[in-house]
Amino acid sequence: MRSQIAERLEAGRVRDGRFATAPGSGPSGLFYVQGPCGCQLKIIGFVRPGWEHVSVSTPRRSPNWDEMCLVKDLFWGQEECVMQLHPPRSQYVNNSRYCLHLWRPTRQVIPMPPAAFVGIVGLGPSEATILFAQMSAVS
16 MRSQIAERLE AGRVRDGRFA TAPGSGPSGL FYVQGPCGCQ LKIIGFVRPG WEHVSVSTPR
76 RSPNWDEMCL VKDLFWGQEE CVMQLHPPRS QYVNNSRYCL HLWRPTRQVI PMPPAAFVGI
136 VGLGPSEATI LFAQMSAVS
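Numbering (this note's numbering), first residue to last: 16 to 154.
Following this line, the structure appears as structure tokens:
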């Protein structure tokens, strides 16, 4: 996690009341930030033994990909890997209907599949749309 957080995040820090944290106290705290899709994001950052954790919620829906990418970039560097987890159902904890979480273990590297398992490396969305249309026309 970044030790020095972005101005945008610091500006949204809650500084008064029950969940207040002091300005300049790093990534832990409650923050409100305008998201890239026009929705206000409620963000809670925590550093716990062995884990960095950020929760992201909105008032009426779960955060989308662009919102989660923004939050990831506010808390971690571009080349740091963080994850969302889908735990066994027996271990679900749901305190907020529209909340998603980002996690990074601090004592180990997150294993990642090869990029080629995800898609065609170097192929942009426009080229992929054309390729998939061609594949659909064949079948």
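For glycine and all other residues, C-beta sits at the position ideal for the given N, C-alpha and C.
Task: CA-to-CA distance, Ile58 to Trp73, given in whole angstroms - done: On the sequence shown, residue 73 is found 58 positions in, with the first residue counted as 1. On the sequence shown, residue 58 is found 43 positions in, with the first residue counted as 1. A small fix is needed here, since residue 73 is Thr in this sequence, not Trp. If I take the Cα positions, the gap works out to 9 angstroms.
- [ ] Can you give me the start and stop residues for the alpha helix (DSSP H) that Val86 sits inside?
- [x] Counting from 1 along the sequence shown, the entry for residue 86 is found at position 71. Per DSSP, Val86 belongs to the alpha helix (DSSP H) from 80-90.
Task: beta strand (DSSP E) segment containing Arg63, residue limits - done: Looking up residue 63 in the sequence shown gives position 48. 55-63 is the extent of the beta strand (DSSP E) around Arg63.
TODO: Look at the alpha carbon of Gly158 and the alpha carbon of Arg112, and state the distance between them as a whole number of angstroms.
DONE: There is no way to answer for residue 158, as the model of the chain reaches only from 16 to 154.
- [ ] Specify, as a first and last residue, the run of the beta strand (DSSP E) that Gln49 falls within.
- [x] As a working mapping, residue 49 is identified with position 34 in the sequence shown. Gln49 -> beta strand (DSSP E) spans 44-49.
TODO: Rank Trp91, Val97, Thr121 by C-alpha distance to the C-alpha of Gly41 and give the top, closest one.
DONE: Indexing the sequence shown from 1 puts residue 41 at position 26. Among Trp91, Val97, Thr121, the Cα nearest to that of Gly41 is on Trp91.
Task: In DSSP terms, what Glu96 is bridged to - done: In the sequence shown, the residue the question calls residue 96 occupies position 81. Residue identity differs from the one stated: residue 96 is Cys in this sequence, not Glu. Paired residues: none, contrary to the question.
- [ ] May I ask you to list the residues that DSSP assigns as paired with His2?
- [x] The structure shown has nothing for residue 2, since the chain only spans 16 to 154.
Open item on the list: Taking 8 angstroms as the threshold (C-beta atoms), are Val86 and Leu56 in contact?
Closed with: Start at 1 with the first residue of the sequence shown, and residue 56 comes out as number 41. Start at 1 with the first residue of the sequence shown, and residue 86 comes out as number 71. Yes, these two residues count as a Cβ contact at 8 angstroms.
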